[in-house]
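Per this note's numbering, numbering of the first sequence is gapless, rising by one per residue and ending at 223.
Note that beta-carbon positions come from the ideal geometry of N, C-alpha and C, so glycine has one too.
Keep in mind the model is a prediction, meaning the values are calculated, not measured.
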Amino acid sequence: MGTMAEHERDERDALRPFHRRFFQRDPRSVARELLGCWLWTETIEGLTGGVIVETEAYLAEGDSACHAARGETRGNRAMFGPSGHAYVYVIHARHCFNIVTEGIGIGSAVLIRALEPRWGCSLMEQRRGRTNAKELTSGPARLCEALGITRDHDGRDLLAPGTTDLGLAKPPSHQRLELGPILSTPRIGVTSAHELEYRYVLAGSRYLSRSLTAKPRKQ
DNA sequence: TATAGGATTTGCT
DNA sequence: GCAAATCCTATAA
Numbered sequence: 005m006g007t008m009a010e011h012e013r014d015e016r017d018a019l020r021p022f023h024r025r026f027f028q029r030d031p032r033s034v035a036r037e038l039l040g041c042w043l044w045t046e047t048i049e050g051l052t053g054g055v056i057v058e059t060e061a062y063l064a065e066g067d068s069a070c071h072a073a074r075g076e077t078r079g080n081r082a083m084f085g086p087s088g089h090a091y092v093y094v095i096h097a098r099h100c101f102n103i104v105t106e107g108i109g110i111g112s113a114v115l116i117r118a119l120e121p122r123w124g125c126s127l128m129e130q131r132r133g134r135t136n137a138k139e140l141t142s143g144p145a146r147l148c149e150a151l152g153i154t155r156d157h158d159g160r161d162l163l164a165p166g167t168t169d170l171g172l173a174k175p176p177s178h179q180r181l182e183l184g185p186i187l188s189t190p191r192i193g194v195t196s197a198h199e200l201e202y203r204y205v206l207a208g209s210r211y212l213s214r215s216l217t218a219k220p221r222k223q
């Protein structure tokens, strides 16, 4: 009793799991409501994870920046699968993690862009090759590296414990992060649909992938 | 099989 | 602030 590992386990035992219905909705609603929720992986190496502080929604209709916009391919197949499953893609030799929304055949998802580190910081430091807490999980590819998320997780059901080392849940009410205001901004890095403000952030977080005051980079 | 480009990150200036 | 590094994926031949 009282070890860090046991404390972490107790914490997560009190978690409130998601129901499939939560993901069978407009990705903009899901993206907003995932802020403050907990994401983790538990592998042979250990437990790593944190609190979601930044997300982006990608819509099936009228969103040219969405990977599903040009139809289903081998790479984005998971996006057209059931909601609540992982969609992991590779870009610039790095992985990015999404959660599929709505339902089969639709093609929408929420990209997880940043976490506030919370569990397994030493393992995350090891995987990332750096110790600055702000650089561990503040970016879609950074958090995948820190949590050990790869294409191997593509298509995994997040709502089927025991079939995956990925975990996602609402925190117990007494453990909620002070949310602060939720702001929406244009999405980062997209080469089209700049006008759609489907990036959602906890405005007070120190762990965003891009500060709210930073000038948008050339895209 | 070859080629171009991307929902990124990093280091250097 | 800027540009290089990085490698998988889609597309065309």
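{"Asked": "For K174, list the residues DSSP reports as bridge partners.", "Found": "R20"}
{"Asked": "Which one or two residues does DSSP pair with L43 in a beta bridge?", "Found": "G54 and L172"}
{"Asked": "Quick one: what does DSSP say S34 is sitting in, helix, strand or coil?", "Found": "Looking at the sequence itself, residue 34 is Val, so the reference to Ser does not match. Helix at V34."}
{"Asked": "Does R25 come out as helix, strand or coil in the three-state DSSP assignment?", "Found": "helix"}
{"Asked": "According to DSSP, simplified to helix, strand and coil, what is S142?", "Found": "coil"}
{"Asked": "Taking C-alpha atoms, which residue in A113, E76, C70 and G75 lies nearest to Y91?", "Found": "A113"}
{"Asked": "Going by C-alpha to C-alpha distance, which of G109, L151 and R25 sits closest to G50?", "Found": "L151"}
{"Asked": "Would you list the one or two residues that DSSP bridges to F101?", "Found": "V92"}
{"Asked": "Based on Cα-Cα distance, which residue from H198, I192, H157 and H23 lies nearest to A218?", "Found": "I192"}
{"Asked": "Kindly indicate which three-state DSSP category A61 falls into: helix, strand or coil?", "Found": "strand"}
{"Asked": "Buried or exposed: P31, going by 16 or more other Cβ atoms within 10 Å of its Cβ?", "Found": "buried"}
{"Asked": "Just tell me which of V55, F26, S188 and T195 has its CA closest to the CA of L216.", "Found": "S188"}
{"Asked": "Out of V104, I116 and E76, which one is the CA nearest neighbour of P86?", "Found": "V104"}
{"Asked": "Bridge partners for V194 per DSSP, in chain order?", "Found": "According to DSSP, which records beta bridges pairwise, V194 is partnered with nothing at all."}
{"Asked": "Is it buried or exposed for N136, if we count other Cβ within 10 angstroms and need 16 for buried?", "Found": "exposed"}
{"Asked": "Is C41 closer than 7 Å to K174 when the C-beta atoms are compared?", "Found": "yes"}
{"Asked": "Could you pull the start and end residues of the beta strand (DSSP E) that E120 belongs to?", "Found": "S112 to W123"}
{"Asked": "List the endpoints of the continuous beta strand (DSSP E) containing R203.", "Found": "R203 to L206"}
{"Asked": "Determine the DSSP secondary structure at M5, reduced to helix, strand or coil.", "Found": "Any reading at M5 is ruled out, since the residue's pLDDT is 47, under 50, leaving its predicted position unreliable."}
{"Asked": "Taking 8 Å as the threshold, find out whether the region 111-130 comes into contact with the region 54-65 through three or more Cβ pairs.", "Found": "yes"}
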